[in-house]
Structures are given as C-alpha cells and as structure tokens.
C-alpha cells in the first residue's frame, strides 16, 4: 500500500491544477489529459503528488474555521527558501493572502478555489 496523492475538490480541476503547476516548479501532469474532471500532478522524479477533482457542489472553506461555515478538511504546507519572494510569486500566480496570519515565519494563502495553504521556511517548522 502506498499513498499517491491528496485530492482537492474544486469548481474546475484543470484550472486549479494549472495554478499548482505554476506554483510548484518542475511539477508535471502525470495523469488527467484523458479526463475532463480530474488531474493528477507529480513532483520531478515522481513521488506523492496532488490530484484535483471537479466538484460542481464545491464550497470553499473559511479560514480560520467557524462553526457555521464550510470547514477546511486539509491544507498544504510548502517549504520555501525566501518567504517574502515566494509569497509575492504565489500572489502573482493567483493566490490570495488570508486575512488571518497565525504566526511569524509562515504565510497562509488561499488558492484560486479557496483552499488554505501555508508557505514556510525550514526555520519556521
């Protein structure tokens, strides 16, 4: 048994996969050209990747969570060398900075479908 991916639902799987391909240098589509509603991307050299599935009823989570709204089920932690530079690049690629930032050395952003993800340096973990 082997974990191959975490899957994120989105209103448009291809659009969200394209965002993460821009965000994660060297990652490529592994499977998905043959399907309209599902895409799997992997890092250079293989390994555990990310999948994206179109979900027409998708509702973006609220960050931070509140009891009466869609809660986050998963978030991605992405290590970077330069937090400010990579935050600026993520914003340029279509991410949004979350209003709530819980700690120094970590930036919480929202991808185009509203999933929270964290950029951090090695020292912050």
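Residue numbers (the UniProt record's numbering): 1 to 125. Using N, Cα and C, we set each Cβ at its ideal position, and we do this for glycine too. Computed from a predicted model, the values in this text were never measured in an experiment.
{"query": "Rounded straight-line distance, which links the Cα of residue 52 to that of residue 130", "result": "Nothing can be reported for residue 130, as the shown portion of the chain is limited to 1 through 125."}
{"query": "For residue 55, the three-state DSSP class (helix, strand or coil)", "result": "coil"}
{"query": "CA nearest to the CA of residue 84, picked from 118, 60 and 113", "result": "118"}
{"query": "Sequence-distant residues of the same chain with beta carbon closer than 7 Å to residue 16, five excluded per side", "result": "8, 10, 52, 111, 112 and 113"}
{"query": "Cross-strand partners of residue 170 (DSSP beta bridge)", "result": "Only positions 1 to 125 of the chain appear in the structure, and residue 170 is not among them; the question remains open."}
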